[in-house]
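Engineer: One structure follows; several queries about it will come next.
Numbering (our numbering), first residue to last: 1 to 244.
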């Protein structure tokens, strides 16, 4: 059974249509990727799922009991240390009080290599942490809190290759324990390599794919980037005129 199922969604800003008859589903225990050019509606869809925006038409079924959403932009008070931010985050997101020990215990199951670096960041002031460090610290902390639906808007943006690897390793660990992971990214290879399935936003709809090969074949492309460009440039879907 899908934890998220959207059917025939329609959404627009003023005169700009973002989604027209768009459908997508997200299953528990899996990582679902979402691809699309800037302005195609990735963040808008996440906002709809979280109830921050409302679709004009269509149906959205959200069966999750508890969901977590990490937005595209992270801003932290520079005077706080990262453990202070962890405490604030977990107080807002977790039904129980979380400790560093509890977070480390869960992360150690998924990626033991990350533990020492996580503890190192723990005591740093936010002002001396790079954006990438804040990004992966937030992502791993939220995964450790636990939820049946985790939505991540470009979680690896600004993160170096080493920690991109660890983030995806922990995402796979969380999915393996039953969480539904919905993640957007501009890195197509990353999505193809790590997601169980993915959708490309094209023609104001969600086009589903189960593999990189299917993506390449669908757009008669020799590279993933070429397939992405062709999908993004596909003709915009329009309703047939009343006279036709």
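Built from N, CA and C at the ideal position, the CB exists for glycine as well. All values derive from a computational prediction rather than experimental measurement.
#1: Rounded to the nearest angstrom, how far is the Cβ of residue 150 from that of residue 143, given a contact under 8 Å?
#2: Can you tell me whether residue 67 is buried or exposed? The criterion is at least 16 other CB atoms within 10 Å of its CB, across all chains shown.
#3: Hey, quick one: how far does the beta strand (DSSP E) through residue 59 stretch, first residue to last?
#4: With 16 as the cutoff for other CB atoms within 10 Å, does residue 75 come out buried or exposed?
#5: Around the C-beta of residue 96, are 16 or more other C-beta atoms found within 10 angstroms, so that it is buried, or is it exposed?
#6: From the DSSP secondary-structure annotation, give me the bridge partner or partners of residue 205.
#7: Residue 205: which of 101, 108, 234, 86 sits nearest, CA to CA?
#8: Whole angstroms is fine: what's the gap from residue 200's alpha carbon to residue 46's?
#9: In terms of residues, what are the limits of the beta strand (DSSP E) holding residue 24?
#10: May I ask you to report which of helix, strand or coil DSSP gives residue 133?
Structural biologist: According to the data block:
#1: If you number the chain shown from 1, residue 150 lands on position 150. If you number the chain shown from 1, residue 143 lands on position 143. Their Cβ separation, rounded to whole angstroms, is 7 Å, which keeps residue 150 and residue 143 in contact under 8 Å.
#2: Residue mapping note: residue 67 aligns to position 67 of the chain shown, counting from 1. Counting Cβ neighbours within 10 Å, residue 67 comes out buried, since at least 16 surround it.
#3: Position 59 of the chain shown, counting from 1, holds the residue named residue 59. Where residue 59 is concerned, the enclosing beta strand (DSSP E) stretches over 57 to 62.
#4: If you number the chain shown from 1, residue 75 lands on position 75. Exposed, since its Cβ has fewer than 16 Cβ neighbours within 10 Å.
#5: Within the chain shown, the letter at position 96 stands for residue 96. By the 10 Å Cβ count, residue 96 comes out exposed.
#6: Position 205 of the chain shown, counted from the start, is the residue given in the question as residue 205. For residue 205, which the question treats as bridged, DSSP gives the partners 202.
#7: Within the chain shown, residue 205 is the residue found at index 205, counting from 1. Checking every option, the nearest Cα to that of residue 205 belongs to 234.
#8: In the chain shown, the residue the question calls residue 200 occupies position 200. In the chain shown, the residue the question calls residue 46 occupies position 46. Going by the C-alpha atoms only, they are around 14 Å apart.
#9: For the purposes of this step, residue 24 is taken as residue 24 along the chain shown, with counting starting at 1. That run of the beta strand (DSSP E) goes 16 to 26.
#10: For this step, residue 133 is matched to residue 133 along the chain shown. Three-state DSSP puts residue 133 in a helix.
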